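For reference, the structure discussed in these notes is given below.
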Amino acid sequence: MEITAQMVKELREQTGAGMMECKQALIEAQGDMERARLILREKGAAAAVKRESRQASEGVVVAAVSPDRRRGALLELNAETDFVARNDEFQSLAKELVQQLVDTGFEGSLEEFLQQPSQVAPDRTVRQRVEDLVARIREKIVIGRIATFSTDSTGCVDTYIHLGGKIGVMVELKAATEAGAQHPETLHLAREIGMQIAFGNPGYLTREEVPQQLIDEEREVQKQRALNEGKPAQAIDKIVEGRLSKFFEQICLLDQGYIRDEKKSVKQVIDEFSKAVGESLTVKRWVRFRVGESSGS
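Every number in my numbering is 1333 more than the matching position in the sequence shown, counting from 1.
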């Protein structure tokens, strides 16, 4: 069967593959368009396997939240180059996948998610959707990691994306009542806390959560530093405790200075929002993704 330019053009529009690849697939399929598409898909999967050894440290973090703010998700999609990470198809796939996490209420592992049917193309799995894009773009693309939150009627989930998708945060707040969880000021606080975490990158909520070993190590570091600076022996303990307090302000969310007003601690800001809502608001949990962390870069 003769392979016409129109057939090649049509297959290329349907798959995004190169012209020569489309022509070769049509030749192998003896002009059968459906078979040619399958051949290109199979080759795309093979190409994805060949690219597995490459480093995919660029990418984007995307987020989605359900309308009732009770479910949320973060997803990191990685590529080899920033050029591909800014590609419209790449960005679109990332948004498609994170929305699927929220819409389906998925709460499993990344490997389990890769095996799920695509919400957009039910005949393809999530893994195959990624492989299809690999075949078109010809660069290693992987889902680096996912995170999902699900809460009850007294919870509120929100997300914050920073630096054009280089950093993403998801946070869950708890209120005393459903009305409190849905209060506009609670939603406002959730966004503020997300922004705070994006900038401050705290490791713990409170001082009580910091492992004693880490505290002891920091205390010893600051003691040696004070001694090396020639501080008076009788002042060492006070100096060390003061520096430990600064250490806690760096790593504990509630102790951090509020990004909009460093004179206030985050705890003070939460207390102010709680008064506005009329009930106690607390930070239950959060997750923060920075592009490249999951690849070890």
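Backbone N, C-alpha and C fix where the C-beta goes; we use that ideal spot for every residue, glycine too. All values reported here derive from a predicted model rather than from experimental measurement.
Chain-order list of residues whose beta-carbon lies under 8 Å from that of residue i (same chain, five-residue window excluded)
i: Ile1584; result: Pro1535, Gly1536, Tyr1537 and Val1543
i: Gln1363; result: Met1334
i: Gln1545; result: none
i: Ile1336; result: Lys1356, Leu1359, Ile1360 and Gly1364
Continuous alpha helix (DSSP H) stretch holding residue i: start and end
i: Ile1548; result: Gln1545 to Asn1561
i: Cys1355; result: Met1352 to Glu1361
i: Glu1574; result: Ile1569 to Ile1584
i: Val1686; result: For residue 1686 there is no data in the structure shown, the boundaries of the chain being 1334 and 1630.
i: Gly1488; result: Segment Gly1488 to His1495 is the beta strand (DSSP E) holding Gly1488; no alpha helix (DSSP H) there.
i: Gly1513; result: Glu1511 to Ala1514
Short Cβ contact (8 Å threshold) for residue i with residue j
i: Gly1488; j: Ala1514; result: yes
i: Leu1587; j: Ala1468; result: no
i: Ser1613; j: Ala1509; result: yes
i: Ile1474; j: Leu1410; result: yes
i: Ala1642; j: Ile1494; result: Not covered by the structure: residue 1642. The range shown for the chain is 1334 to 1630.
i: Gln1555; j: Arg1576; result: yes
i: Gly1438; j: Asp1491; result: no
i: Ala1297; j: Glu1391; result: Because the chain spans 1334 through 1630 in this model, residue 1297 falls outside it and cannot be assessed.
Three-state secondary structure assigned by DSSP to residue i
i: Gly1533; result: helix
i: Ile1479; result: strand
i: Ser1613; result: coil
i: Gly1396; result: Contrary to the premise, residue 1396 reads as Ala rather than Gly in this sequence. The answer is strand: DSSP assigns Ala1396 an E or B state.
Cut-off 6 Å between Cβ atoms - residues of its own chain near residue i, not counting five sequence neighbours on either side
i: Gln1433; result: Gln1452
i: Phe1622; result: Val1394, Leu1407, Glu1409 and Gly1501
i: Arg1368; result: Ala1362
i: Thr1615; result: Lys1507
Element boundaries [beta strand (DSSP E), containing residue i]
i: Arg1640; result: Here the chain has residues from 1334 to 1630 only, and residue 1640 is not among them.
i: Ile1592; result: Ile1592 -> no beta strand (DSSP E), and no H or E assigned at all.
i: Phe1423; result: Here Phe1423 belongs to no beta strand (DSSP E); instead the alpha helix (DSSP H) covers Asp1421 to Asp1436.
i: Gly1501; result: Ile1500 to Lys1507
i: Asp1456; result: Element bounds for Asp1456: n/a, residue is neither H nor E.
For residue j and residue i, the rounded distance between their alpha carbons
i: Ser1598; j: Gln1461; result: 47 Å
i: Pro1400; j: Phe1581; result: 36 Å
i: Thr1484; j: Glu1518; result: 18 Å
i: Ser1578; j: Lys1617; result: 23 Å
i: Met1352; j: Ala1338; result: 9 Å
i: Met1340; j: Gln1424; result: 29 Å
i: Ile1479; j: Gly1498; result: 14 Å
i: Gln1589; j: Ile1569; result: 24 Å
Residues near residue i in its chain [Cβ-Cβ closer than 7 Å; skip 5 each side]
i: Phe1532; result: Ile1592
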